[in-house]
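Peer 1: Taking numbering that gives the first Met the number 0, the leading residue of the sequence shown gets 0, the next gets one more, and so forth.
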Amino acid sequence: MKKVRNLVSSILIASIFLATPFSTSIVKAEDNIKNIKTFETKEQYIQFFDQNNVPKEKQKVLLDKLDKNILWDAYNPDKVKEIPASFNTFDIDDPLDNIRYYRFEDGSFIKIETKASEKTKELRKNQENQKQKYSFSGEIRPLSVISDSFGAQYTDHMVTKTIGTNIVAGFRSTFYISRYDTSRFNGGPSWDQFASGLGCNGAPSIQNIRDVEEIAAPYNRAAMRKIYWQANANLNVAWPTKGITLGATIPVGTTMSLYLALVNHSYYVDSVLPSNIYN
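Written as structure tokens, this is what we have:
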């Protein structure tokens, strides 16, 4: 089994699967998606749980649900609706390598992960060395973004959404978050787009909706990129999708997305936009 961390090392990820007994399909038979694999053994599930710090008592709950074919909370639309938009929003001063979990009562989780490129990490180390060498004032945040008092630069930056174990999507971008002015994408088109287990044939498409944030009353219009694809099967997954009630079957041909929005001195990652972010 490939470790989840290896899977997300070069792509941005989002994943959802319906809890089922071992070695069974994760969606209804008539809605099956090719190339989706659940873990084949209890030990593989335990390894995944341990990698994501799921308590032992919660692991027992999740394994029991699998045996009884009971849906995990992370795949339950009614539970997913409870997640606040703030969970998907990243502040300019957050660490560059950032793993954020939303953990449900049964131990299942949704995970958003941001990851720096090695180039950005090296630039940041050089910046820290210069601060230390010349005794520059100001806080030094380990492996944070290349930042100053005006804003922060994210180079070859990956953002990841994970729900469950094996349905994934994402892309890579370069952008600048301003502390006082407009934020923007400034490194050319986004790339390394990927989706698996969400009814995507081949690589998703990329849309540059707006490169520079527009600041004007009564609201700001976010700088925004997204990847998108058309579902090649009817999907029974709790993947928030524009125009589809969460929990309803996503019909074949439906456009599904993953957004990266730069707005209000922060950035937002999810498959739909909250009401306070305008595109």
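Don't be surprised by glycine CBs; every beta carbon is placed ideally from N, CA and C.
#1: So, under 8 Å CB-CB, I162 and I109 are touching, yes? Tell me the CB distance rounded to an integer number of Å.
#2: For E213, which residues from the same chain have a beta carbon less than 6 Å from its beta carbon, with the 5 sequence-adjacent residues on both sides left out?
#3: Pick out whichever of A260, D269, L261 has its Cα sitting closest to the Cα of W238.
#4: Quick one: grab the DSSP three-state call for S134.
#5: Return yes when the Cβ of D210 is within less than 8 Å of the Cβ of R183, no when it is not.
#6: I226 and T240 look like a contact to me (Cβ under 8 Å); what is the Cβ gap, rounded to whole Å?
#7: What are the residues that DSSP puts in a beta bridge with S265?
#8: With 8 Å as the threshold, decide whether the Cβ of G201 is near any Cβ in chain D.
#9: Using 8 Å as the cut-off, can you tell me whether the stretch 59 to 79 makes contact with the stretch 249 to 268, which would need three or more C-beta pairs spanning the two stretches below that distance?
#10: Quick check on the DSSP output: the beta strand (DSSP E) that includes E302 runs from which residue to which?
#11: What are the boundary residues of the alpha helix (DSSP H) that includes E42?
#12: Under the three-state reduction of DSSP, which class applies to K78: helix, strand or coil?
#13: Comparing C-alpha positions only, which one of V271, Y44, Q50 sits nearest to K59?
#14: On the DSSP bridge assignment, give the partners of I205 in chain order.
#15: Could you spell out the range, first to last residue, of the beta strand (DSSP E) harbouring N97?
#16: Measure the alpha-carbon distance for N68 versus V79 and round it to whole angstroms.
#17: Ordered along the chain, which non-local residues of its own chain (more than five positions away) have a Cβ less than 6 Å from that of A194?
Peer 2: Inspection of the coordinates gives the following:
#1: Residue 162 sits at position 163 when you count from the first residue of the sequence shown. Residue 109 sits at position 110 when you count from the first residue of the sequence shown. So it is a contact: roughly 5 Å between Cβ atoms.
#2: Numbered from its first residue, the sequence shown carries residue 213 at position 214. If we look at E213 and ignore the five residues flanking it on each side, its Cβ neighbours are R220.
#3: For this step, residue 238 is matched to residue 239 along the sequence shown. Among A260, D269, L261, the Cα nearest to that of W238 is on D269.
#4: For the purposes of this step, residue 134 is taken as the residue at position 135 of the sequence shown. Note that S134 has pLDDT 38, beneath the 50 cutoff, so the model's placement of it is unreliable and no number is given.
#5: The count along the sequence shown starts at 1 and reaches residue 183 at position 184. The count along the sequence shown starts at 1 and reaches residue 210 at position 211. Yes, they are a contact pair.
#6: Start at 1 with the first residue of the sequence shown, and residue 226 comes out as number 227. Start at 1 with the first residue of the sequence shown, and residue 240 comes out as number 241. Not quite, the Cβ-Cβ distance comes to about 13 Å (not below 8 Å), so this is no contact.
#7: Start at 1 with the first residue of the sequence shown, and residue 265 comes out as number 266. Bridge partners of S265: D90, V262.
#8: Judged by its chain identifiers, the structure shown contains no chain D, having just a single protein chain.
#9: no
#10: Not covered by the structure: residue 302. The range shown for the chain is 0 to 278.
#11: What you label residue 42 is simply residue 43 of the sequence shown in a count that begins at 1. Unbroken alpha helix (DSSP H) run through E42: 41 to 50.
#12: One-based indexing of the sequence shown puts residue 78 at position 79. Correct three-state label for K78: helix.
#13: Here residue 59 refers to the residue found at position 60 when the sequence shown is read from its first residue. Nearest of V271, Y44, Q50 to K59, Cα basis: Y44.
#14: Counting from 1 along the sequence shown, the entry for residue 205 is found at position 206. The partner list for I205 (beta bridge, DSSP) reads I226.
#15: As a first step, residue 97 is located in the sequence shown; it is residue number 98 there, counting from the start. Start and end: 97 to 102.
#16: Against the sequence shown, residue 68 aligns to sequence position 69. Against the sequence shown, residue 79 aligns to sequence position 80. Going by the C-alpha atoms only, they are around 19 Å apart.
#17: Here residue 194 refers to the residue found at position 195 when the sequence shown is read from its first residue. Closer than 6 Å at Cβ, skipping near neighbours: A168, P203, W228.
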